[in-house]
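Structure first, commentary second.
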Amino acid sequence: MATICALAVVLAGVAAYGWHVGWFAKSTSNGNTTTPQTSQTSALPRADVPSPKKNEPAAQAQRAVSAMTLEERVGQLVMVPLLAGSDPSSLASTIADEHIGSAILIGNWNTGADTVKTATAQLQGYAPAGNRLIIATDQEGGQVQHLTGTGFDTMPSAVEQGTMSADALRQSAGTWGSQLAAAGINVDLAPVLGTVVGDRASNAPIGALDRDFGLDAAGNAEHGIAVIEGLRDAQVGAAVKHYPGLGAVSGNTDFTTEGILDTTTTLGGAEAGAFDQAITKTDPAMVMMSLATYQSIDPNNPAVFSSTIIDGHI
228 MATICALAVV
238 LAGVAAYGWH
248 VGWFAKSTSN
258 GNTTTPQTSQ
268 TSALPRADVP
278 SPKKNEPAAQ
288 AQRAVSAMTL
298 EERVGQLVMV
308 PLLAGSDPSS
318 LASTIADEHI
328 GSAILIGNWN
338 TGADTVKTAT
348 AQLQGYAPAG
358 NRLIIATDQE
368 GGQVQHLTGT
378 GFDTMPSAVE
388 QGTMSADALR
398 QSAGTWGSQL
408 AAAGINVDLA
418 PVLGTVVGDR
428 ASNAPIGALD
438 RDFGLDAAGN
448 AEHGIAVIEG
458 LRDAQVGAAV
468 KHYPGLGAVS
478 GNTDFTTEGI
488 LDTTTTLGGA
498 EAGAFDQAIT
508 KTDPAMVMMS
518 LATYQSIDPN
528 NPAVFSSTII
538 DGHI
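Heads up: the sequence shown begins at 228 in the numbering used here, then just goes up one per residue.
In structure tokens form, the structure reads like this:
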């Protein structure tokens with residue numbers, strides 16, 4: 228059973244790029260917010276610290292969190308954007324003063340890996356002492372590849388990746404992940420595991436952009452697993468998205484959350500099952516929740532705010 232937490236994303240100015248705002252579960256998500264305000268009286272009762280002999284990552288993380296104040300814990304849940312062409316120093320005070328835990332590089336970073344490496348190193352330098360940032364980007368392939376130029380391969384679309392064998396795709400994903408890691412990126416907001424239902428061109432967020440591995444949910448799970456494992460081989464985390472799938476929605480959550488409805492997907496169906504299979508087999512770093520509403524699952528809440536989906540299923 229995946230652990231769920233929320234990771235807010237500050238997207239000031241990002242709307243101009245038409246960027247999807249969502250949330251990550253099991254490890255996280257993106258939601259439109261403002262920089263949190265801190266109070267002067269914030270200390271929380273300290274949780275019991277795990278035994279020092281437990282050096283596995285989960286125990287280390289628990290010890291780190293138990294030593295944080297409320298403001299520090301909140302800051303660790305916030306992801307700030309660095310737009311292509313922006314000066315990383317513009318985020319220095321926000322990251323340092325608000326105890327920010329994550330950053331995302333978005334936009335057209337087309338000048339190569341050296342530029343990205345310089346930016347990510349600067350961002351890490353602003354991080355609170357002892358807490359390295361999660362630094363993410365959207366590097367799916369095809370029309371969704373934000374880091375290009377020398378040091379980054381031109382990635383095929385997910386549809387093209389779906390024609391590769393799982394072994395070949397894992398090897399390629401390992402190469403792409405190594406390029407990200409060398410540039411200071413430690414999480415790739417990929418792969419998309421949604422399965423398009425019906426005509427691909429009529430599905431604006433996924434099918435029309437060739438962001439799906441194919442029209443077969445089981446095959447999508449297999450290829451998604453290959454990408455997750457390839458990225459992990461390069462020590463880069465993956466974020467499977469957009470749970471439980473955008474392949475049957477009307478409208479596009481990249482631009483609005485109003486009226487984005489899926490009338491067919493069920494938690495026991497093949498489409499959500501592709502996600503479940505990949506999550507169970509690989510335990511990815513993150514699961515990005517969809518902003519659509521799923522009529523047959525929880526008609527009253529978008530997936531990102533659905534306790535039925537997050538608490539009751541994932």
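Note that beta-carbon positions come from the ideal geometry of N, C-alpha and C, so glycine has one too. As the structure is a computational prediction, the values presented were derived from the model and not from experiment.
query: Using a Cβ-Cβ cut-off of 6 Å (strictly less than) and excluding sequence neighbours within five positions of Ala-311, which residues of its own chain qualify?; result: Gly-334, Asn-335, Trp-336
query: So Val-514 and Val-467 are supposed to be a Cβ contact under 8 Å. How far apart are they, rounded?; result: 5 Å
query: Can you tell me whether DSSP reads Gln-370 as helix, strand or coil?; result: coil
query: By Cβ distance below 7 Å, which residues in the same chain neighbour His-247 in space, the five residues on each side in sequence not counted?; result: For His-247, the predicted structure reports a pLDDT of 36, less than 50, and the residue's modelled location is therefore unreliable. A value from the coordinates is still provided. Taken in chain order, the residues that qualify are Thr-480, Asp-481.
query: Give every residue of the same chain whose Cβ lies closer than 6 Å to the Cβ of Ala-410, excluding the five residues on either side of it in the sequence, and list them in chain order.; result: Ala-340, Val-343, Lys-344
query: Roughly how many angstroms separate the alpha carbons of His-469 and Pro-355, rounded to a whole number?; result: 30 Å
query: Taking Cβ to Cβ, would you say Ala-519 is nearer than 8 Å to Leu-488?; result: yes
query: Taking buried to mean at least 16 other C-beta atoms within 10 Å of its own C-beta, is Leu-350 buried or exposed?; result: buried
query: Leaving out the 5 sequence neighbours to the left and right, which residues in its chain are closer than 7 Å to Asn-413 when beta-carbon positions are compared?; result: Ile-361, Ile-362, Val-463, Gly-464
query: So, Gly-457 versus Asp-439, is the Cβ gap smaller than 8 Å?; result: no
query: Determine whether the beta carbon atoms of Ala-444 and Ala-530 lie at a separation below 8 Å.; result: no
query: Ignore the nearest five residues each way along the sequence and tell me which others in Thr-377's own chain have a CB closer than 6 Å to its CB.; result: Gly-339
query: So, with DSSP's three-state summary, where would you put Ala-417?; result: coil
query: Taking only the alpha-carbon atoms, compute the straight-line gap between Glu-485 and Gly-404 and give it to the nearest angstrom.; result: 35 Å
query: When DSSP labels each residue in this structure, what does Ser-517 get in the three-state scheme?; result: coil
query: Can the beta-carbon of Gly-369 be found closer than 8 Å to that of Pro-383?; result: yes
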